[in-house]
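To start, the structure itself, in structure tokens.
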Amino acid sequence: MSVTVDDAVSQWIFSNGGYVGSNMSEAEWHQLADDPSANLNGYYNGTAIWTDTPGASASLIFQGTELIIYSATSPQGGQMTVLLDNSSANVSLSDPISQLGDWVYMVSDLDPGMLHAVTVQAVGGGRINIDKVGISPPPQSPFAPAMPQPLPPA
Numbered sequence: 002m003s004v005t006v007d008d009a010v011s012q013w014i015f016s017n018g019g020y021v022g023s024n025m026s027e028a029e030w031h032q033l034a035d036d037p038s039a040n041l042n043g044y045y046n047g048t049a050i051w052t053d054t055p056g057a058s059a060s061l062i063f064q065g066t067e068l069i070i071y072s073a074t075s076p077q078g079g080q081m082t083v084l085l086d087n088s089s090a091n092v093s094l095s096d097p098i099s100q101l102g103d104w105v106y107m108v109s110d111l112d113p114g115m116l117h118a119v120t121v122q123a124v125g126g127g128r129i130n131i132d133k134v135g136i137s138p139p140p141q142s143p144f145a146p147a148m149p150q151p152l153p154p155a
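Using this note's numbering, you'd call the opening residue of the sequence shown number 2 and step up by one each time.
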């Protein structure tokens, strides 16, 4: 069983330059629904967030054993870096065929007793987006989770 975190929920923390907070537009992130020409069919809950600003990032703190990031890929797709706890991965959203709701990043075997921090950051080359995130929750524990190290950048 997994928990789905939509791109539109308030748990996302956005940053770009000196701005950090929940206001996505201040950090150069946008709702796809704000684009009148956008086709929202195929996106989870009919929503997605996007940016084409290098350095703009979106972060989420969660507890779970597995994380999957779903995005759209397209010929105009850009490059993003996914930072999770102490590791990073480069992910390309460029594909000759446009596809919605693809899982583009997955990691499993995460420590169930710890809070994890994931950050998606635009690198360049086009538009990146987040449709949703799937998280496999940990088994119930009587202990509070440990804070992620390092914390997302401020």
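C-beta: ideal position from N, C-alpha, C; glycine also.
In this structure Ala9 is in contact with Thr48, their Cβ atoms being roughly 5 Å apart against a cut-off of 8 Å.
Taken in chain order, the complete beta strand (DSSP E) segments of 3 or more residues contained in the stretch 51-130 are 58-64, 67-74, 80-85, 88-93, 100-108 and 116-125. The three-state secondary structure of Asn46, taken from DSSP, is helix. Exclusion of the five residues before and after Ser16 leaves Ala28 and Ser58 as the residues of its chain whose Cβ lies within less than 6 Å of its Cβ. Counted as a single uninterrupted DSSP element, the beta strand (DSSP E) harbouring Asp7 occupies residues Val4 to Asp7. DSSP places Asn17 inside the beta strand (DSSP E), whose first and last residues are Ile14 to Asn17.
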